[in-house]
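Residue numbers (full-length UniProt numbering): 1 to 114. Yeah, the Cβ is synthetic: ideal placement off N, Cα and C, and Gly gets one too. The structure presented is a predicted model; accordingly, all values stated were derived computationally and were not measured. Down below is the structure, laid out as structure tokens.
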């Protein structure tokens with residue numbers, strides 16, 4: 001288990017016979033769930049998002065037999081690696097996206113086009 005600078009716990013596993021997994025535990029995840037975090041994460045990660053490892057809020061699982069990107073270059077992997085690396089950001093982004101949408105709707109309703 002690894003702890004980052006603002007209290008997020010990570011658990012990463014990798015072996016030849018099992019999928020590569022990344023799990024995260026966030027202090028305020030229950031609050032984030034009220035803002036459709038599960039829905040946003042499902043849209044972002046699709047079938048990489050699996051049932052969370054016990055004690056964690058979110059787990060991504062990458063089976064190299066199923067989820068291999070097409071192509072042999074590093075660029076083929078870059079998108080997938082970035083997506084996994086953005087897990088914490090994507091958990092928190094839900095709240096901001098919701099309020100940005102609300103603000104945009106308010107501006108359109110009030111005629112404040114900029």
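In its chain, beyond the 5 residues on either side, 91, 94 have a beta carbon closer than 7 angstroms to the beta carbon of residue 37. Counting only runs of at least 3 residues, the stretch 34-98 fully encloses the following beta strand (DSSP E) elements, listed from N- to C-terminal order: 58-62. Counting C-beta atoms within 10 angstroms of its own C-beta, residue 102 has fewer than 16 neighbours from the protein chains shown and is therefore classed as exposed. Taken atom to atom, the span from the alpha-carbon of residue 69 to that of residue 109 is near 43 angstroms.
Under the three-state reduction of DSSP, residue 18 is assigned to coil, being neither helix nor strand. Going by beta carbons, residue 48 and residue 30 fall outside the 8 angstroms limit. Boundaries for residue 28: no beta strand (DSSP E) harbours it, and the DSSP string shows neither H nor E there. The C-beta distance from residue 56 to residue 24 rounds to 6 angstroms, short enough to fall under 8 angstroms.
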